[in-house]
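Peer 1: Before I ask anything, here is the structure I am working with.
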Amino acid sequence: MTVRLDIDETIEKIYEKPNLTLKKTENGTTQEKDIPEISQLFSTSDDTMAKTIIVEGEPGTGKTSLCKKIVDDWRKVNEKVEQEPSTSYLRKFEFIFYIILRLVKTDIEVKAIIVEHILKKIDSGYENAHSLLGEILKSEHCLLLLDGLDEWRGKMPHIETSWINCTALITTRPYKLAELRVIPTQMGKHVQLNGVQNPEELVLKVIRKLEEYHKTNKPPKACIIDLKGKHLWHFSANPVVLVHIVWLWQKSKLRENMSRSSLYQEIINERWYEMCDKKEQDKDPHELYDVLSEIAFDKMLSENEDESLVFNIKGKQLEIFKQFKEASLESGILSGSNVPGERFPQYQFLHKTFQEFLAAVFLSNRGSTVSTSCKLVKEIYSNHRNEGAFALKEVFLFLCGLNPVAAAEFSKTLNELFTENCEKQGLKTQKVRTFQNMILSGYDEAERSGHIGAEFCLQHIVLDSTNLTAHHMSKLKLCLENERKSNLKSMRIAENIASTLQHMDDPSVLDLNICTNLKYVALERLSYEDINLSNLNGLLDCNIQFSDYKPASKLISSVQSSDLRGLKILVLRNVGLECEAMDILSKLKCVKELNLTWSKASRPNVSQLNLVDLRHLEYLEELTLKELHASDVVSLQMLNLRRLKIGFATQQRAPRLIATLLSRRDGSLTTLPDGSHFPLEGLRLKNVCMLAGEYMRLLNQMIQSGRKVDFTLTECTIEGDVRELHEKVGDQAALQVEAPQSFLTRTMTYIRLKKMTVSADVFMRLVLVVSQSRRLWDFTLTECTIEGAVRELHEKVGDQAALQVEAPQSFLTRTFSKIRLEKMTVSADVFMRLVLVVSQSRRLWDFTLTECTIEGDVRELHEKVGDQAALQVEAPQSFLTMTKTNIRHISLEKMTSSGYFTLNKMTVSADVFMCLVLVVSQSGHIGGITLTECTIEGAVRELHEKVGDQTALQVEAPQSFFTLNNTNIRLEKVTVSADVFMRLVLVVSQSERRVLCQLQNCTIEPVEEVRKLQVKMEDQPAIYVEGFSMCGQVWCIQFINNR
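Residue numbers (my numbering): 3 to 1045.
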């Protein structure tokens, strides 16, 4: 008799909107933004389709359900069942390929996976599947859904560059991205899935559906109240568990504050008993646990990773399993399928977390032999897995609730695996914090199950003020007791929150003498006078930074007497280095990163710092020397560095340093294989005075290197005038970036100027170089002053063609640049000049001003830039030229050039704002403008008085240049007058391009004038008003012109 459980029927028939968050990381800062609709997953800020989308989510948050929802919506759209606007994005896809990665047995390319797991299952005899699929992927709009990267042994799936219309959406648990060391540029869009938007509504839907099977007449809302009262609502972030909890609630099987392990055990029991009721049987599930837990653990540790989640059951296990096969399948705990050509069926658990729970059950029942099982886990994950300790997180948490003694033994294995990973890949603070939180969460699980006083192994500690509860802090202090402190492998302490580590006799000294097994130590912003750390032998990473100058004689003595040959990273700040520095450096051998900061209290011994004593450091990649009292740095050419940071205590010309960086003589910094110079990936200088010509030459070398480079100047001075380029760099080819036909790289160049004064001429020259180079640029000025006016551009750059970048016919990349001005004052003249350059460049732009002041008046533009043609960017006739046979492989919407202007937290005059709106609305290359938390001040005079002839702002694109169709103007939390708003409406209504204008939570006064304008807009045929409402004291308005 085949049975079907009501909970499985319910899960298949309900769905709630997912809680999606876009994560964008820039300069080490991550910004998050809600994604209210699934459709917004696929679009980018320039209204094109995203190429790669990574959706990460913890177990059970709905990653697979999201993929199935997308497939179902696509089916309905194509069958014309669904016509909702929220699913209209799916019409762009001719094909969807849904791949469950756990079912993919081998590490093969995406195209082969589609052939083997989709096409051949449809028609196993089709011989031309590969060639047909290749044509489809190259020419059609396809969506590749790759579900469960963490359940696949392969690396990041590779999407071929020729699939220019394909979008890949990949789901995974978070730890897998860290294991694969996926960087933001590989992600495209990085999205976090945190369950559903409205868990209350999900609960109500489940209750209503279950009521169709069980007429209990329980009020649905009572379930929500009861779950919160029993302290179970934290499971609402996990839809898989939440649905089952509601099922248990309806059956009155819930207890207060249940642990994860208790819940999963209750779920499995209830599935078993309901199956027995339907079959009119009476069996105890105890033996089922014994059989399935052994299978779960055995398969999880299979040497063949392909058989860990989808597996066969053979041999002795099969003989025992046969007794429980039917019950396991009908209760839904296992599912099985027959594979054509294979002798044994394939099985998998209801969800990966159920396999992890049952594996934990197996470990909890091992008794005195649990250490043997843990050694097996260590051996398999060390030698046969690419994953580390984080892949075992769920097993550990379940085990903490089941058997804290076994969990304590298992935690030792996790620490060993994590230490191995750190030794291979290096120690990162965020990874240590994540590991620490995992162990601390184990205490929470144990206590929910009534196990008070459990002690788990934690050999990697981060002690700072970041999100540590008092309860967790108390657990960390247990790890710092004498008998456990000696086992620590890594320690990161910030500020003075390590009172338990103070010396008993002298509280001003940090006592780490007993920490004899440390491999990584980071002590930052300490106000202690000294550190007892008698033995540094075996250290791999040493980072010690005092808040201000300390002689630290005990520490220096320990460093001098220790064996430092294995040390890979050494950072010392505000430590007495005056006499001992070179003695310490002579002991180093394998160091890769060296970072020394002299104290402001120290005094120079020499006028020049000679680095000849570092020549034995053949592995040194990064050198940082800060607060130098010397006037120059010499012998730099002897080092093979990748990153260099030099900071002087006072302003210095440092001629030997600059000469070395610019030198091309033999013996200079290592030359690249292609003969180019500047092998550095990062160059940061502070308090250096250089000529404008020297700066431009350094910049030029970076452009020609073809590599990713980060070039930062802080509190530096750039002197002199930028004269005719041929006077500065000789032959014009010095600034010419000739890219070979195969040059399709996406290397980014970061240019940063901080707390400096720079002339307007030098600034505009930099902008021109950025705008016309085929590299990706991130150009940021922070707290800078731009001085002077910009003279006629032809006086500055001579013949405009001197900066023209000629792209070969095959050059079809979308180069992208960012220009950001932060916390500074800029003249309206320079600002509008910058806007013009951006608007006429054939690039994607992100132009952002944050907390800036734009001063002055916007005069007649023809007086400012002379002949407007001087800024005209003429695209060569060969640009985007292609043969007729290839044109169907080009996505024209992805070839456009566009700019995005963003103004944050600043005050801008109405004149400047309207000039910007005019440029945006008339240019075919600008995607939009966003103002956030800004104030638009003043009135707008007659526009012709402000911009002269309107054609002066007209950007004429050559016929072969594909322009954007749409422009977005978005104002968020902006204060603006009704008069300026009226002008904005007027410009939008008269634009020849399609312009969407959105005002969210904006203050517009006087209110009476806004009401009158609303009536006029609704009666105006050139404008379509999509929304016009007042929420409290702010306005939410959206309109679009009829173009």
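Virtual Cβ for every residue (Gly too), placed ideally from N, Cα, C.
With DSSP collapsed to three states, give me the class of V942.
Peer 2: Coil at V942, not helix or strand.
Peer 1: Could you pull out every residue in the same chain whose Cβ sits closer than 8 Å to the Cβ of K15, ignoring the five residues on either side in sequence?
Peer 2: If we look at K15 and ignore the five residues flanking it on each side, its Cβ neighbours are K211.
Peer 1: In the DSSP assignment, what are the bridge partners of C544?
Peer 2: Answer by DSSP bridge pairing, in chain order: V523 and L572.
Peer 1: For N417 versus C459, is the C-beta spacing smaller than 7 Å?
Peer 2: Yes, Cβ-Cβ distance for N417 and C459 is below 7 Å.
Peer 1: Along the chain, where does the beta strand (DSSP E) containing G1029 start, and where does it finish?
Peer 2: Residues I1025 to C1033.
Peer 1: Start and end of the alpha helix (DSSP H) containing S773?
Peer 2: Run containing S773: A762 to Q774, per the alpha helix (DSSP H) assignment.
Peer 1: If you reduce the DSSP assignment to three classes, tell me which class G197 lands in.
Peer 2: In the structure shown, G197 sits in a strand (DSSP, three-state: E or B).
Peer 1: CA-CA distance, L22 and L204?
Peer 2: Cα-Cα distance, rounded: 16 Å.
Peer 1: The alpha helix (DSSP H) with M440 in it runs from where to where?
Peer 2: Taken as a continuous stretch (DSSP letters only), the alpha helix (DSSP H) holding M440 covers T431 to R450.
Peer 1: Counting only runs that start and end within the segment 694 to 720, where is the beta strand (DSSP E) found for 3 or more residues in a row?
Peer 2: With a minimum length of 3 residues, the continuous beta strand (DSSP E) runs that stay inside the segment 694 to 720 are 711 to 716.
Peer 1: To the nearest angstrom, how far is it from the Cα of V248 to the Cα of H236?
Peer 2: Cα to Cα, the separation comes out at about 13 Å.
Peer 1: Please return the same chain residues whose Cβ sits closer than 8 Å to the Cβ of K414, not counting the five positions on each side in sequence.
Peer 2: Taken in chain order, the residues that qualify are C376 and C459.
Peer 1: Tell whether a beta-carbon distance below 7 Å holds between I533 and V561.
Peer 2: Not closer than 7 Å, so no.
Peer 1: If contacts are defined as beta-carbon pairs under 8 Å, then T782 and R822 qualify, I think. What distance do you get, rounded to the angstrom?
Peer 2: Going by Cβ atoms, the distance from T782 to R822 rounds to 4 Å, so yes, they are a contact pair.
Peer 1: Which residue spans inside the segment 263 to 315 form an unbroken alpha helix (DSSP H) run of at least 4?
Peer 2: Listed in chain order, the complete alpha helix (DSSP H) runs (minimum 4 residues) inside the segment 263 to 315 are 288 to 302.
Peer 1: Grouping DSSP H, G and I as helix and E and B as strand, with all else coil, what is K426?
Peer 2: Here K426 sits in helix by DSSP.
Peer 1: Would you kindly report the start and end of the unbroken beta strand (DSSP E) that includes L465?
Peer 2: H462 to L465 is the extent of the beta strand (DSSP E) around L465.
Peer 1: Could you name the residues of the same chain whose beta carbon sits closer than 6 Å to that of R655, not counting the 5 residues immediately before and after it, in chain order?
Peer 2: For R655, where only same-chain residues beyond five positions count, the Cβ hits under 6 Å are C691.
Peer 1: Out of E162, D152 and M158, point me to the one whose CA is closest to E137's CA.
Peer 2: Of E162, D152 and M158, the residue nearest in Cα terms is E162.
Peer 1: When DSSP labels each residue in this structure, what does G649 get in the three-state scheme?
Peer 2: Residue state, collapsed to three classes: strand.
Peer 1: Are A52 and T169 closer than 7 Å when you measure CB to CB?
Peer 2: Yes. Within cutoff.
Peer 1: Do you know offhand how far I115's Cα is from P159's?
Peer 2: About 11 Å.
Peer 1: For E58, which of helix, strand or coil comes out of DSSP?
Peer 2: DSSP places E58 in strand when its eight states are reduced to three.
Peer 1: Determine the direct distance from the alpha carbon of E483 to that of R494, and round the result to whole angstroms.
Peer 2: For R494 and E483, the distance between alpha carbons rounds to 16 Å.
Peer 1: With a threshold of 7 Å on Cβ separation, who are the neighbours of G334 within its own chain once the five nearest residues in sequence on each side are excluded?
Peer 2: Cβ neighbours of G334 beyond the five flanking positions: L7, D10, R273 and L352.
Peer 1: Report the option in T751, I931, G722 and D723 whose CA atom is closest to the CA atom of G708.
Peer 2: Among T751, I931, G722 and D723, the Cα nearest to that of G708 is on T751.
Peer 1: How far does the alpha helix (DSSP H) with T626 in it extend, from its first residue to its last?
Peer 2: Note, T626: premise wrong, no alpha helix (DSSP H); beta strand (DSSP E) at E624 to L630.
Peer 1: Helix, strand or coil for F398, going by three-state DSSP, please let me know.
Peer 2: Looking at F398 - three-state DSSP - the assignment turns out to be helix.
Peer 1: Which stretch, first to last residue, makes up the alpha helix (DSSP H) that contains W249?
Peer 2: Run containing W249: P241 to Q252, per the alpha helix (DSSP H) assignment.
Peer 1: Between the Cα of L685 and the Cα atoms of F713, S923, I454 and A651, which residue gives the shortest distance?
Peer 2: Nearest C-alpha to L685: F713.
Peer 1: With distance defined between alpha-carbon atoms, name the residue in K65, E60 and L92 nearest to D74.
Peer 2: Closest by alpha carbon: L92.
Peer 1: Go ahead and pull the three-state DSSP assignment for K35.
Peer 2: It is a strand residue.
Peer 1: Helix, strand or coil for L671, going by three-state DSSP, please let me know.
Peer 2: For L671, the predicted model reports a pLDDT of 44, less than 50, meaning its position is unreliable; a value from the coordinates is still stated below. Correct three-state label for L671: coil.
Peer 1: Can the beta-carbon of M302 be found less than 7 Å from the beta-carbon of A239?
Peer 2: The answer is no: Cβ separation not under 7 Å.
Peer 1: Looking only at DSSP bridge pairs, what is E411 linked to?
Peer 2: E411 is not bridged to any residue.
Peer 1: Could you give the C-beta distance for C786 and V760, rounded to a whole number, given that I count them as a contact under 8 Å?
Peer 2: Yes, C786 and V760 are in contact; Cβ-Cβ is about 6 Å, under 8 Å.
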